[in-house]
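According to my numbering, the stretch in the sequence shown is residues 25 to 220, in order.
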Amino acid sequence: MPSNDPLADYRNKRDLSRSPEPEGGAPSEAPRFVIQKHAARALHYDFRLESDGVLASWAVPKGPSTNPDDRRLAIHVEDHPLDYADFEGVIPEGEYGAGPVIIWDRGTYRNLMADKDEPLSVGESIEAGHVEVWLDGEKLRGGYTLVRIDDEKDQWLLIKMKDDEVDRRRNPVSTQPESVVSGMTIEQMKASAGDE
Ligand code: MN
């Protein structure tokens, strides 16, 4: 059945009666971003931007960098519900994406493409394959570009823009591994589900 529901893919992949993951959510005043560290079959960081009532999402295997020389592969994945921005926990074994999730960073963002001569919404920027946002997070600040490099595989690169927030040595993915919400590492989150 054809559907205009942006979350159809999300729901089709999951059994939400078995997984603790959220189903919906309402928009906030300032658009939010979240970066979740997710130890599924392969560890990755899910980079999500609130846009058009959902969280547009990319899976970034190496996570974001504060060094503009780094070009981090980002695979565009299915939209997620807005409440996912508050989710951390353990997706049970046997379910889609099984494994622990922590909120590695979060905050609000500004759409830098809205300030151009031909302004674009985030949704339009995704269509066009070039997104520019200013993040105000707890770990990450400053401009980030997402640029599509492969239409067929929907592969993108996540790159720090050159601005005052550049730090070539900081490497927050390794030096600040814990959740900004619970303070837990991904290993502690995994262990927290051990007794269920
Ligand atoms: Mn994920």
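Every residue, glycine too, gets a C-beta built ideally from N, C-alpha and C. None of these values were measured; they are calculated from a predicted model.
Continuous beta strand (DSSP E) assignments of at least 3 residues falling wholly in the stretch 95-121: If you keep only unbroken beta strand (DSSP E) runs of at least 3 residues inside the stretch 95-121, you get 96-104, 113-115.
Cβ-based neighbour list, Thr199, same chain, cut-off 6 Å, excluding 5 preceding and 5 following: If you number the sequence shown from 1, residue 199 lands on position 175. Within the same chain, Thr199 has no close Cβ partners at all.
Coil, strand or helix - Thr199 by DSSP: Locating residue 199 in the sequence shown gives position 175, where the first residue counts as 1. Here Thr199 sits in helix by DSSP.
3 or more residues per run - each beta strand (DSSP E) lying fully within the stretch 35-84: The stretch 35-84 contains these whole beta strand (DSSP E) runs: 56-63, 67-75, 78-84.
Cβ-Cβ separation, Ile115 to Ser206 (assumed contact under 8 Å), whole Å: For the purposes of this step, residue 206 is identified with residue 182 of the sequence shown, where counting begins at 1. For the purposes of this step, residue 115 is identified with residue 91 of the sequence shown, where counting begins at 1. About 16 Å; that fails the 8 Å criterion.
Residues near Ser145 in its chain [Cβ-Cβ closer than 8 Å; skip 5 each side]: Taking the first residue of the sequence shown as 1, we reach residue 145 at position 121. The answer, listed in chain order, is Ser75, Asp76, Asn135, Met137, Ala138.
His154: CB within 6 Å of a non-hydrogen atom of ligand 1: Numbered from 1 along the sequence shown, position 130 holds the residue referred to as residue 154. The closest heavy atom of ligand 1 lies 6 Å or more from the beta carbon of His154.
Backbone secondary structure at Asp207 - three-state DSSP: By one-based count along the sequence shown, residue 207 stands at place 183. Reading off the sequence shown, one finds Gly at residue 207, where the question assumed Asp. Residue state, collapsed to three classes: coil.
Status (buried if at least 16 other CB within 10 Å, exposed otherwise) for Glu112: Residue mapping note: residue 112 aligns to position 88 of the sequence shown, counting from 1. Under this definition Glu112 is a buried residue.
With 16 other Cβ atoms within 10 Å as the buried cut-off, status of Arg192: Position 168 of the sequence shown holds residue 192. Classification for Arg192: exposed.
Any non-hydrogen atom of ligand 1 within 6 Å of Asp103 CB: Numbered from 1 along the sequence shown, position 79 holds the residue referred to as residue 103. Not one heavy atom of ligand 1 falls within 6 Å of the beta-carbon of Asp103.
Asp70: CB within 6 Å of a non-hydrogen atom of ligand 1: Stepping through the sequence shown from its first residue, residue 70 is reached at position 46. Yes, since a heavy atom of ligand 1 falls inside the 6 Å radius drawn around the Cβ of Asp70.
CA-to-CA distance, Phe71 to Asn195, given in whole angstroms: Taking the sequence shown and counting its residues from 1, one reaches residue 195 at position 171. Taking the sequence shown and counting its residues from 1, one reaches residue 71 at position 47. When rounded, the distance between both Cα atoms is 17 Å.
Nearest-angstrom Cα separation, counted from Asp178 out to Glu45: Numbered from its first residue, the sequence shown carries residue 45 at position 21. Numbered from its first residue, the sequence shown carries residue 178 at position 154. Between Glu45 and Asp178, the C-alpha separation is close to 24 Å.
Alpha carbon of Met25 to alpha carbon of Glu102, nearest angstrom: In the sequence shown, counting from the first residue as 1, residue 25 sits at position 1. In the sequence shown, counting from the first residue as 1, residue 102 sits at position 78. At Met25, the pLDDT of 49 sits below 50, so the modelled position is not reliable; the number obtained from the coordinates is stated separately. Their backbone Cα atoms lie some 18 Å apart in a straight line.
Beta bridge counterpart(s) of Ile126 as assigned by DSSP: Numbered from its first residue, the sequence shown carries residue 126 at position 102. The secondary-structure analysis by DSSP pairs Ile126 across a beta bridge with Lys61.
Per-residue burial, Asp141 [other beta carbons within 10 Å of its own, 16 or more giving buried]: Taking the sequence shown and counting its residues from 1, the one referred to as residue 141 is at position 117. Classification for Asp141: exposed.
Residue from His104, Glu119, Glu156 with nearest C-alpha to Ala50: In the sequence shown, residue 50 corresponds to position 26, counting from 1. Checking every option, the nearest Cα to that of Ala50 belongs to His104.
N-terminal and C-terminal residue of the beta strand (DSSP E) that Gly166 is part of: Start at 1 with the first residue of the sequence shown, and residue 166 comes out as number 142. Counting along the chain, the beta strand (DSSP E) containing Gly166 begins and ends at 165-174.
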